[in-house]
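*Asks:* As they're listed, the protein sequences go chains E and B. Residue numbers for the first sequence follow the numbering used here, beginning at 103 and rising by one. Residue numbers for the second sequence follow the numbering used here, beginning at 451 and rising by one.
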Amino acid sequence: MTARRIIPCLDVKDGRVVKGVRFQGHADMGDAAELAARYRDQGADELVFYDIAASPEGRTLDYGWVRDIARLLDIPFSVAGGIRSVDQAARCLDHGADKVSINSPALERPELIAEMADRLGSQCVVVGVDSKASGDDWVVHQYTGSPDASRAAGRRTLDWIVEAQALGAGEIVLNCMDEDGVRRGYDIAQLAAARAVLTIPLVASGGAGSAEHFQEVFEQADVSGALAASVFHTGTLPIPDLKAFLNAAGVEVRL
Amino acid sequence: MSDVTVLSYGAGNVASVQFALERLGATVRLTDDPIEVAEAERLILPGVGQAGYAMGRLADLGLVDPIRAFPRPLLGVCLGQQLLFADSDEGGGTPLLDLIPGRVGRLEPGPGLPVPHMGWSRLAIDRADPLLDGVDEGSWAYFVHGYLCPDGPATLARADYGGPVPAVVRSANRWGCQFHPERSAEAGARILKNFLEIEA
Chain E
103 MTARRIIPCL DVKDGRVVKG VRFQGHADMG DAAELAARYR DQGADELVFY
153 DIAASPEGRT LDYGWVRDIA RLLDIPFSVA GGIRSVDQAA RCLDHGADKV
203 SINSPALERP ELIAEMADRL GSQCVVVGVD SKASGDDWVV HQYTGSPDAS
253 RAAGRRTLDW IVEAQALGAG EIVLNCMDED GVRRGYDIAQ LAAARAVLTI
303 PLVASGGAGS AEHFQEVFEQ ADVSGALAAS VFHTGTLPIP DLKAFLNAAG
353 VEVRL
Chain B
451 MSDVTVLSYG AGNVASVQFA LERLGATVRL TDDPIEVAEA ERLILPGVGQ
501 AGYAMGRLAD LGLVDPIRAF PRPLLGVCLG QQLLFADSDE GGGTPLLDLI
551 PGRVGRLEPG PGLPVPHMGW SRLAIDRADP LLDGVDEGSW AYFVHGYLCP
601 DGPATLARAD YGGPVPAVVR SANRWGCQFH PERSAEAGAR ILKNFLEIEA
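#1: Restricting to runs no shorter than 3 residues, where is the beta strand (DSSP E) found entirely within the region 250–300 of chain E?
#2: Under 8 Å between C-beta atoms, does phenylalanine 469 (chain B) make it to chain E?
#3: Restricting to Cα atoms, I'd like to know which of E:Val227, E:Asp343, E:Val284, E:Val299 is closest to serine 307 (chain E).
#4: In chain order, what residues of the same chain lie with their CB nearer than 7 Å to the CB of arginine 124 (chain E), ignoring the 5 residues before and after it?
#5: If you compare alpha carbons, which of B:Ala639, B:Tyr459, B:Gly530, B:Thr477 is closest to arginine 507 (chain B)?
#6: Who are the Cβ neighbours of threonine 301 (chain E) in its own chain at under 8 Å, not counting the five residues just before and after it?
#7: Within the continuous beta strand (DSSP E) that includes threonine 131 (chain E), where are the two ends?
#8: Tell me where the alpha helix (DSSP H) around glycine 626 (chain B) begins and ends.
#9: Considering only residues of the same chain and omitting the five flanking positions on each side of cysteine 226 (chain E), which have a CB-CB separation below 7 Å?
#10: Run through chain B and tell me which residues come within less than 7 Å of glutamate 273 (chain E), C-beta to C-beta.
#11: So, does the CB of aspartate 601 (chain B) fall closer than 8 Å to a CB anywhere in chain E?
#12: Tell me which residues of the region 207–230 of chain E have at least one Cβ-Cβ distance to chain B shorter than 8 Å, keeping chain order.
#13: Consult DSSP for methionine 218 (chain E) and reduce its assignment to one of helix, strand or coil.
#14: Count Cβ pairs between the region 472–485 of chain B and the region 511–519 of chain B that sit closer than 8 Å; are there 3 or more?
#15: Put valine 119 (chain E) into one of helix, strand or coil per three-state DSSP.
#16: Against chain E, does alanine 635 (chain B) count as a neighbour if the rule is that its beta carbon must be under 8 Å from one of theirs?
#17: What does proline 564 (chain B) reach in chain E if we use C-beta pairs closer than 8 Å?
#18: Residues in the region 464–491 of chain B with C-beta within 7 Å of chain E's C-beta atoms, listed in sequence order?
#19: Quick one: which chain B residues come within Cβ less than 8 Å of arginine 107 (chain E)?
#20: Hey, could you find the ends of the beta strand (DSSP E) isoleucine 550 (chain B) is sitting in?
#21: For the region 490–523 of chain B, enumerate the residues whose C-beta is nearer than 7 Å to any C-beta of chain C, in chain order.
#22: Between the beta-carbon of isoleucine 185 (chain E) and the beta-carbon of valine 229 (chain E), is there less than 8 Å?
#23: List the residues of chain E whose Cβ lies closer than 8 Å to the Cβ of tryptophan 590 (chain B), in chain order.
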């Protein structure tokens, strides 16, 4: 077995962590490396860094802070933001990242997943999926970093994650947009449906507001990890308290 | 603290291994040069991705023989552990370094367990060894792999993932970790420190 992973997600701009709904009212949360070290010390199992300025500025992410963070961390981390080629992904790994997460570029050109998996190995290829309810189904959205560009990608979520897996993705992070930032819990139905069609690890994203929400998503959707941002950044839910709660509830976590 | 050479051959996340060793105060040399490898005080063979690709890189760089003949402490990490074995099912059959008998096979943990095995699992320690000095039974280690080393006399510690997963192996002066010690917090740091302190 593996412990259920608790994964803080840090939105990074120019080496600083910002919080708030993406592209609206960013508040500076401090140096990315300092916050990463704090989460490491609190017992985070993995970290995700999202370079929020990279994609809209039409550039790939800044490798300098990837290296700074890699020097500090003794837990795994993935990076995301503006990665559109195998060479860019390889450079992230060369600078010490463990995994690279791709989202819209994979939708534009799904072969990118296969190219990355062939050269770098599936274990470092994470496909992030932004998904929204549509009737009684779920559909993929892309360019969600920018309110003006965000739009439906013309794919069913469950079809797309199966395709991504077949192309060589090593993990899916499913961000349930309807729940994102509202802190009323993960989208259990959608995540359970996704879990049922995948054989690779699935990470839940969107909606965490309390320790109970983590317990629910692990017990009811059987996800390998749960990602969250604001509950950790605001100090609402300290990671040691969350892990103690989950452990007492019988969810296996790394203590 | 000792010197350590890390093979940088285009098939491994070398930076994270390098940084972990530097955190322990080691002087780290990265190389793909066969002579530097042969002369290294101690050698780490990292690796991610496909076994066939990694072996191809080692062959192209003239590194297979220097690694096979390396007489001082050698540590294979993740795919680097798998490369120590004789051959692999990966890619329809791939010859490996053949330093430990046995064939690496596909990880098939059974229903309900995702593949790759990705995340933190506990170590069950079978045998005392200098590499595991001070590593507590049940310590957590971070794994990412879709292929499985054969469980045999070389196994020093196991994880459980739908069956036994050889997590630490040893044959003479060669050790392997299936997990990533550079990403395994306290236990991983202790293992790397122990490796740096093994008599060269």
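The beta carbon of each residue, even a glycine, is placed where N, CA and C say it ideally should be. If you're wondering where the values come from, they're calculated on a predicted model, not measured in any experiment.
*Replies:* On the basis of the coordinates in this document:
#1: 253–258, 273–278
#2: yes
#3: E:Val284
#4: Low confidence applies here, because arginine 124 (chain E) scores a pLDDT of 44, under 50, leaving its location unreliable and the question unanswered by this model.
#5: B:Tyr459
#6: Gln267
#7: The sequence given here has methionine at residue 131 (chain E), not threonine. 129–133 is the span of the beta strand (DSSP E), which, as asked, contains methionine 131 (chain E).
#8: Not the alpha helix (DSSP H): glycine 626 (chain B) falls in the beta strand (DSSP E), residues 624–627.
#9: Leu195, Asp200, Lys201, Val202, Gly272
#10: Met568
#11: no
#12: Asp220, Arg221, Leu222, Gly223, Ser224, Gln225, Cys226
#13: helix
#14: yes
#15: strand
#16: yes
#17: Leu300, Thr301, Ile302, Pro303, Leu304, Ser326
#18: Ala465, Ser466, Phe469, Ala470
#19: Gly569, Trp570
#20: 550–556
#21: No chain C is present in this structure, whose protein chains are E and B.
#22: no
#23: Ala105, Arg356
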